[in-house]
Each structure stands twice: as structure tokens, then as C-alpha cells.
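Numbering (the UniProt record's numbering), first residue to last: 1 to 66.
Written as C-alpha cells, this is what we have:
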């Protein structure tokens, strides 16, 4: 089950301004595919900041960041 999904966004580079906003995900996880300008570090940061309990696996987020 996914709580947040970003799919096929050709210009997406940043996900969230964490100094201005908080986001808590208590159930579900993140889904990212085909976002060529989105770096893995941005996805990892969102994973950590939202409090998702499951382990982060980079293989789950392939096809992001050229």
C-alpha cells in the first residue's frame, strides 16, 4: 500500500521544503518511478522525515535520477 506516489514527472527535482512543512506517514510507504531529475537523496530524505517504519531499499526506487 502506498501513501504517496510520484510517477513520470520529467522536471521534478525537489519534493518538499522540510524547514517549512512536516509530513507524517503512519501507514503505507512511498512510490517513485520515472522521475529522471529526482535524486535518490531526495527520496531517502522524504522517507526518513515522514517516519515510515519499513526499511528503505534503493532498488524499490529505480528509474529515478539520470
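Glycine residues also receive a C-beta, built at the ideal position from the N, C-alpha and C atoms.
Inset, instruction - In angstroms with no decimal places, state the Cα-to-Cα distance between residue 52 and residue 9. - result: Here residue 52 is taken as the residue at index 52 of the chain shown, counted from 1. Here residue 9 is taken as the residue at index 9 of the chain shown, counted from 1. If you take the alpha carbons of residue 52 and residue 9, they lie about 23 angstroms apart.
Legend entry - Beta-carbon gap between residue 46 and residue 15 smaller than 7 angstroms: Residue numbering aside, residue 46 sits at position 46 when the chain shown is read from its first letter. Residue numbering aside, residue 15 sits at position 15 when the chain shown is read from its first letter. Yes, these two residues count as a Cβ contact at 7 angstroms.
Inset, instruction - Using three-state DSSP, classify residue 53 as helix, strand or coil. - result: Taking the chain shown and counting its residues from 1, one reaches residue 53 at position 53. If DSSP states are grouped into helix, strand and coil, residue 53 belongs with coil.
Inset, instruction - Figure out for me which residue from 57, 65, 50, 59 has the closest Cα to the Cα of residue 27. - result: In the chain shown, counting from the first residue as 1, residue 27 sits at position 27. Closest option to residue 27, Cα to Cα, is 50.
Inset, instruction - Go ahead and label residue 48 buried or exposed: buried means 16 or more other beta carbons lie within 10 angstroms of its beta carbon, across all protein chains shown. - result: Within the chain shown, the letter at position 48 stands for residue 48. Exposed.
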